[in-house]
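Each remark here refers to the structure printed beneath this line.
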Amino acid sequence: MPELPEVQTIVQSLARVLIRRRIDAVYINRQDVIRPAQFDLASHLAGRSLTHIGRRGKKIILQLDDGNRLYVHLGMSGRLSLEPSQAPARPHTHVILQFQSDQLRFVDPRRFGGIFWLGTDGSAEQGLGPEPLLMRPRQLALGLRGTRRSIKTALLDQSMIAGLGNIYADEALFAAGIDPRVPANKLTPKQIVRLNRAIKQVLRRALRHRGSTLRDYRDANGQAGRFQKLHRVYGRGAKPCTHCRTAIKRIVLGGRSTHFCPNCQKRSST
DNA sequence: AACAGCACCTGTAGGC
DNA sequence: TGCCTACAGGTGCTGT
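Residue numbers (my numbering): 149 to 418.
Set out below in structure tokens:
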């Protein structure tokens with residue numbers, strides 16, 4: 149479900165409320181969303197407070213006052229929601245952190261997400277490429293040079309760039325005027341510069357609109373995002389391109405649906 | 001050793 | 001209404 153803008157939006161709303169607040173209790177309804185398996189999360193969290201909440205790629209990183217850290221990955225359907233303790237818990241609420249009068253609830257119907265204990269030494273960097281908002285064209289060029297996969301598929305590879313997902317990969321390629329099927333190592337230097345700029349531009353705009361809500365994404369306060377209204381290609385198959393009116397095409401690349409304008413995003417464009 | 005393909009899960013929307 | 005299929009903001013494993 150959530151990509152960088154959605155994750156960042158959640159992090160911001162959580163940080164505003166939870167920093168320095170004590171975790172009074174922890175309720176685990178499903179142990180198997182916690183990694184490592186069998187890890188006793190409750191006893192490591194109870195009585196602690198949060199000193200920092202941040203993000204790396206799509207991981208939400210929580211720092212505790214005893215120096216331990218953990219991260220939450222939301223997978224496709226995960227949510228972190230902050231609700232009054234007495235509010236009824238929705239189905240698939242797997243873990244609850246009890247604060248004074250509120251609860252932070254980890255809800256994840258499909259269970260592709262999870263809660264990962266890092267301890268004091270674990271790193272959230274594992275397998276992650278550069279942060280797209282900080283990325284230099286040279287870093288992008290370096291990564292893309294080494295793969296013949298389609299540029300779309302390459303952008304979804306978190307070790308290439310950390311934080312893009314299916315929506316923002318498609319939107320960035322549209323903004324850059326690049327055909328998603330082009331092999332990554334065939335992009336010209338000019339296209340790479342343009343793509344790097346397009347990625348940042350799309351992500352910043354999405355952040356300003358608090359992410360995209362297609363079906364069930366909500367921030368920590370239950371608010372939907374608004375950026376879906378500004379999508380130019382994602383989910384717009386057969387609709388007219390906002391730029392040239394050509395019908396947006398939907399194809400499958402690397403097993404993921406991919407949307408693009410066959411006129412604005414040409415293989416041959418430089 | 002890179003890469004395609006599939007598995008992991010549940011919910012929902014659309015066709016008949 | 002009910003049954004069936006297709007599809008969904010992601011990733012990790014498998015075999016080639």
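Using N, Cα and C, we set each Cβ at its ideal position, and we do this for glycine too.
Which of helix, strand or coil DSSP assigns to L218: strand
Simplified DSSP assignment, three categories, for K387: coil
Inter-stretch contact (C-beta, 8 Å, three-pair minimum) for the region 223-243 and the region 252-266: yes
Span separating the alpha-carbon of S249 from that of P184: 29 Å
Test item: CB-CB of R352 and T361 under 9 Å: no
Cβ neighbour criterion (16 or more within 10 Å) applied to D364: exposed
Selection from I208, L230, P232 and T268 that minimises the alpha carbon distance to G262: I208
Unbroken beta strand (DSSP E) run spanning R203, endpoints: L198 to R204
Y365 - containing alpha helix (DSSP H), residue span: Note, Y365: premise wrong, no alpha helix (DSSP H); not H, not E.
Three CB pairs or more closer than 8 Å across the region 215-229 and the region 329-345: no
Nonlocal neighbours in the same chain, by C-beta distance under 6 Å from F247, ignoring five residues either side: R169
Burial state of E273, where buried means 16 or more other Cβ atoms lie within 10 Å: exposed
Sub-9 Å separation of V155 and R203 beta-carbons: yes
C-alpha gap between Q251 and G370, whole angstroms: 13 Å
Bridge-paired residues (DSSP) for D250: P232
Neighbourhood of R404 by C-beta, 6 Å cutoff - its chain only, sequence neighbours within 5 removed: N314
Paired residues, beta bridge with V432 - DSSP: No statement about residue 432 is possible, as the shown extent of the chain runs from 149 to 418 and does not include it.
Element boundaries [alpha helix (DSSP H), containing I315]: N314 to A324
Other residues of its chain near Q211: CB distance less than 8 Å, five sequence neighbours each side excluded: L198, T199, H200, I201, G202 and R217
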